[in-house]
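Q: I have a structure I would like to understand better, so I am pasting it below and will then ask my questions one at a time.
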Amino acid sequence: MPGEAVTLQLGPYAGSAGAHWWGLQAAALRRPAEAAELRSSALLRPAQAPGGREIHAPRLVALELKGGAGALRTGDAGAEAPVTWNGAVAAYLERGPGGASAAREEAASGSAAARGPAPAPSPLAAAQDVPSGSHVQLWSHHLNVQLHPKSLYVIRQYMHDGDCGCLEAFAQGEGLLQDPSCMEELEDRLHYFVEECDSLQGFQVLCDLHNGFSGVGAKVTELLCDEYSGKGILSWGLTPALSSVADSQRNAYRLMNTALGLVHLCAHSSLFCPLSLSGSLGLKPQPPVTFPYISYDASLSYHSSAILAAALDTLTVPYRLSSSQGSILHLAETLNFSGRKVAAAWASVPFPALHGSSLPDALCAHQDVPWKLLASCRERKGSSCFAQSVVLRGLGKDRPSSSSPGRQPRSPLHACESTERVLQRYLHTAFPGAFRWVTWLQVWGHWELQGEGVWDNSVPLLPYSTSHVLEQPCYTPAPYPQFFSPRLSRQGFLLDQAPTSSPAAVESIPVLAALQSAPVLHTLLYGLYKDLQKLNPRRCASFFSAGVEQDDFQEALHKLRTLAQCYETELEADGSEEEADSD
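In terms of my numbering, the sequence shown opens at residue 1 and continues consecutively.
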């Protein structure tokens, strides 16, 4: 069985997505043991609380700027981890009769001296009647788990907020980890979590792309690649939804940070995936991604990062399953062949299904796959991909079809004998290019790669399309925002009509999500390259004065274009050649 993974959160937006993600896992752990299809030990570290109660904490190293962690800590980063720590540092809590504050006081008692400062109560835990989340400014405000003292490292050289002293440029982030004391601090924290693992499978890196943390991520993944060779490194580049265009200089900084971060994170990771609800990473703003049954405020990181966290919790299922041998490296190798080390994420949050309906009914109700692209890029018409990993959760496995016995199935999907087969058949129809087969040629006596379709004497090659179905939904209690449509039931299924009274809180939702190596990434990467070509370097002198050489930047642009070409179809390749000739 695959072992443990260590997670790194680099930057405030990555921290916001991470805080929601840990909250989702905390909610899942409070459910009955028989529903535990996912191994909590893959990402969480168990310990014993006073009294013998088992508790869990994220196996996490989080880097944040001064003032960005709120009340999570008050001292310097290097002085916060007491040697006498006894393992009792984290408790996943839900509100009891005494309220959130009483629950936290109970959890903080007994070993507080060994743990160091406890986090202040989350504003959302203390005020559940404020659904907007407009007052939530820091990710610590909606973090409802306690972190190990080794987890949080505050970078004192830069401020979280303000007009000056911010971590704005890629080179500033790179420079931080060229400081021996900073690198030593990071390595110490990494080694702590790695050395307690029984069998380390790899690392998850959540990194802000739009600011100087892109440079931090570049150096962190380089360190991981060098020091932990052979381990999987799955990197997620996060960008908040842009509600408006900043001034031209900041917009240029954002583009250059994104491009440099993307190229370097991709080079040192097993697989890299950009994640954002922003309509575009480029110079021209586009409306943020919309979801039919969610009404969210794109300007609030608390809202947008919650949607990305639900996608993350679903996309990472393949290497957290209790019943699977899959690992981070296996997932990456499914998608990163032929130099395609970037994947696009798609998600349906929630997956639209009527209460009591079957998966075939839900899929047949939509002409196209009912998910949204989370990659800051215009969605392409038509469906195609080179490889994919798809996860569906929350619909159950015991009712694949609603067809009556003895009747002709209403569709080929209704004829499938299991939910797993329904999803596989649907994906084969929607994305035939992701299915490859090899056939034994008796004349020549060797296996040969064939195209799409099923052959009589064929077997699947290394799977280009994998899928998993979970009964367990994505649990969404507070502090997850209640921004759902009133048409959703408590379990996240569609009601025939909205209730006349105030709707009940949505406690869980079904989710469909996928990582794809797809031609849409050519649109994203090449579009970013073309926008950067339009920038005048002379107007960005301060960006380069921070430490990036012009030659290094041009080399990164060349790598970005080469990466984009890995996702070209024949038609796009012809168009790119014409553009190159015109240039």
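Don't be surprised by glycine CBs; every beta carbon is placed ideally from N, CA and C.
Do we get a CB-CB distance below 8 angstroms when we pair F213 with the residues of chain D?
A: Here chain D cannot be found, since the structure has a single protein chain.
Q: Just curious, the alpha helix (DSSP H) that G215 is in, first and last residue?
A: The residue labelled residue 215 in the question sits at position 215 within the sequence shown. It spans 213 to 227 - the alpha helix (DSSP H) in which G215 sits, taken as one unbroken run.
Q: What's the gap between the Cα of C377 and the Cα of W22?
A: Locating residue 377 in the sequence shown gives position 377, where the first residue counts as 1. Locating residue 22 in the sequence shown gives position 22, where the first residue counts as 1. Straight-line Cα distance between these residues: approximately 27 angstroms.
Q: State whether the region 142 to 157 contacts the region 58 to 67, with contact taken as three or more CB pairs (one from each stretch) at a distance under 8 angstroms.
A: Output reads yes: the region 58 to 67 touches the region 142 to 157.
Q: How would you call D208, buried or exposed, if buried means at least 16 neighbouring beta carbons within 10 angstroms?
A: In the sequence shown, the residue the question calls residue 208 occupies position 208. So D208 counts as buried.
Q: Just confirm the distance between the C-beta atoms of L43 and P58, as a whole number of angstroms; I'd bet it's less than 8 angstroms.
A: The count along the sequence shown starts at 1 and reaches residue 43 at position 43. The count along the sequence shown starts at 1 and reaches residue 58 at position 58. Sure, about 7 angstroms apart at Cβ, within 8 angstroms.
Q: L255 and L535 look like a contact to me (Cβ under 8 angstroms); what is the Cβ gap, rounded to whole Å?
A: The sequence position of residue 255 within the sequence shown is 255, counting from 1. The sequence position of residue 535 within the sequence shown is 535, counting from 1. Sure, about 7 angstroms apart at Cβ, within 8 angstroms.
Q: Helix, strand or coil for S502, going by three-state DSSP, please let me know.
A: For the purposes of this step, residue 502 is identified with residue 502 of the sequence shown, where counting begins at 1. Correct three-state label for S502: coil.
Q: Candidates L38, L234, G279, H210: which alpha carbon is nearest Q249's?
A: To locate residue 249, count along the sequence shown from 1; it is residue 249. Residue H210 is the option with its Cα nearest to Q249.
Q: Residues in its own chain within less than 7 angstroms of P608 by CB, not counting five upstream and five downstream?
A: This structure leaves residue 608 out entirely; the chain is present only between 1 and 583.
Q: Taking the alpha-carbon positions, what's the Y253 to G215 distance?
A: Start at 1 with the first residue of the sequence shown, and residue 253 comes out as number 253. Start at 1 with the first residue of the sequence shown, and residue 215 comes out as number 215. Rounded to the nearest angstrom, the two C-alpha atoms are 12 angstroms apart.
Q: Quick one: Cα of A343 to Cα of T500, how far?
A: Numbered from its first residue, the sequence shown carries residue 343 at position 343. Numbered from its first residue, the sequence shown carries residue 500 at position 500. A343 and T500: Cα-Cα distance of roughly 43 angstroms.
Q: Where do the ends of the alpha helix (DSSP H) carrying W139 lie?
A: Indexing the sequence shown from 1 puts residue 139 at position 139. Where W139 is concerned, there is no enclosing alpha helix (DSSP H), given that its DSSP letter is neither H nor E.
Q: To the nearest angstrom, how far is the alpha carbon of P180 from that of G15?
A: Counting from 1 along the sequence shown, the entry for residue 180 is found at position 180. Counting from 1 along the sequence shown, the entry for residue 15 is found at position 15. Between P180 and G15, the C-alpha separation is close to 24 angstroms.
Q: Can G237 and P350 be called in contact, C-beta distance under 8 angstroms?
A: Reading the sequence shown from its first residue, position 237 is the one you call residue 237. Reading the sequence shown from its first residue, position 350 is the one you call residue 350. Not closer than 8 angstroms, so no.
Q: Distance, Cα to Cα, G68 vs Y426?
A: The count along the sequence shown starts at 1 and reaches residue 68 at position 68. The count along the sequence shown starts at 1 and reaches residue 426 at position 426. Computed Cα separation, rounded: 45 angstroms.
Q: Among V194, L260, F484, which has the Cα closest to the Cα of G3?
A: Residue numbering aside, residue 3 sits at position 3 when the sequence shown is read from its first letter. That would be V194, whose Cα lies nearest to the Cα of G3.
Q: My assumption, with CB atoms under 8 angstroms, is that Q472 sits in contact with L38. Please give the rounded CB distance.
A: Numbered from 1 along the sequence shown, position 472 holds the residue referred to as residue 472. Numbered from 1 along the sequence shown, position 38 holds the residue referred to as residue 38. That belief holds up - the Cβ atoms of Q472 and L38 are roughly 7 angstroms apart, short of 8 angstroms.
Q: Within this structure, are the beta carbons of V511 and R490 separated by less than 8 angstroms?
A: For this step, residue 511 is matched to residue 511 along the sequence shown. For this step, residue 490 is matched to residue 490 along the sequence shown. Not a contact, by the Cβ cut-off of 8 angstroms.
Q: Does K341 come out as helix, strand or coil in the three-state DSSP assignment?
A: Taking the sequence shown and counting its residues from 1, one reaches residue 341 at position 341. K341: coil per DSSP, three-state reduction.
Q: Just the Cα atoms here: how many angstroms apart are Y13 and G217?
A: Working through the sequence shown from its first residue, we reach residue 13 at position 13. Working through the sequence shown from its first residue, we reach residue 217 at position 217. If I take the Cα positions, the gap works out to 13 angstroms.
Q: In whole angstroms, what is the alpha-carbon distance linking H468 and A434?
A: For the purposes of this step, residue 468 is taken as residue 468 along the sequence shown, with counting starting at 1. For the purposes of this step, residue 434 is taken as residue 434 along the sequence shown, with counting starting at 1. Straight-line Cα distance between these residues: approximately 16 angstroms.
Q: Using a Cβ-Cβ cutoff of less than 6 angstroms, which residues in the same chain neighbour K372 once the five nearest sequence positions on both sides are dropped?
A: On the sequence shown, residue 372 is found 372 positions in, with the first residue counted as 1. So the qualifying residues of the chain are V289.
Q: Pop quiz: A347 and A513 are said to be a contact at Cβ under 8 angstroms. What is the actual Cβ separation, rounded to whole angstroms?
A: On the sequence shown, position 347 is the one that residue 347 refers to. On the sequence shown, position 513 is the one that residue 513 refers to. Going by Cβ atoms, the distance from A347 to A513 rounds to 4 angstroms, so yes, they are a contact pair.
Q: What are the start and end residues of the beta strand (DSSP E) that includes R393?
A: Taking the first residue of the sequence shown as 1, we reach residue 393 at position 393. Segment 387 to 393, the beta strand (DSSP E) holding R393.
Q: Which residues share a DSSP beta bridge with D208?
A: For the purposes of this step, residue 208 is taken as the residue at position 208 of the sequence shown. BP columns for D208 point to L238.
Q: Starting from the C-beta of A17, find all residues in its chain whose C-beta is less than 7 angstroms away, skip the five residues before and the five after it, and write them out in chain order.
A: For this step, residue 17 is matched to residue 17 along the sequence shown. Excluding positions up to five away in sequence, the list reads L206, L238, S305, L308, A309, L312.
Q: Confirm, please, whether the CB-CB distance from L271 to K341 is below 8 angstroms.
A: Locating residue 341 in the sequence shown gives position 341, where the first residue counts as 1. Locating residue 271 in the sequence shown gives position 271, where the first residue counts as 1. In contact: K341 and L271 (Cβ atoms closer than 8 angstroms).
Q: Using only the alpha-carbon positions, how far apart do L359 and Q178 sit?
A: Here the question's residue 359 lines up with position 359 in the sequence shown. Here the question's residue 178 lines up with position 178 in the sequence shown. Answer to the nearest angstrom: the Cα atoms are 52 angstroms apart.
Q: Could you tell me which of G230, Y293, K530, V422 sits nearest to F484, measuring between CA atoms?
A: Counting from 1 along the sequence shown, the entry for residue 484 is found at position 484. When only C-alpha atoms are compared, the closest one is Y293.
Q: Please classify A126: does DSSP put it in a helix, a strand, or coil?
A: On the sequence shown, position 126 is the one that residue 126 refers to. Because the pLDDT at A126 is just 37, under 50, the model does not fix this residue reliably, and the value given afterwards should be weighed accordingly. Note: A126 maps to helix in three-state DSSP.
Q: So the alpha helix (DSSP H) F170 belongs to, where does it begin and stop?
A: As a working mapping, residue 170 is identified with position 170 in the sequence shown. 170 to 176 is the extent of the alpha helix (DSSP H) around F170.
Q: Determine whether the beta carbon atoms of A430 and V369 lie at a separation below 8 angstroms.
A: Here residue 430 is taken as the residue at index 430 of the sequence shown, counted from 1. Here residue 369 is taken as the residue at index 369 of the sequence shown, counted from 1. Result yes, Cβ atoms of A430 and V369 sit closer than 8 angstroms.
Q: Using the beta-carbon count (16 or more within 10 Å), is G212 buried or exposed?
A: On the sequence shown, residue 212 is found 212 positions in, with the first residue counted as 1. G212 is buried by the Cβ-count criterion.
Q: Can you have a look at P32 and say buried or exposed, based on whether 16 or more other CB atoms are within 10 angstroms of its CB?
A: Position 32 of the sequence shown, counted from the first residue, corresponds to residue 32. It is exposed - the Cβ of P32 has fewer than 16 other Cβ atoms within 10 Å.
Q: H56 by DSSP, collapsed to three states: which one?
A: Your numbering for residue 56 matches position 56 in the sequence shown. The answer is strand: DSSP assigns H56 an E or B state.
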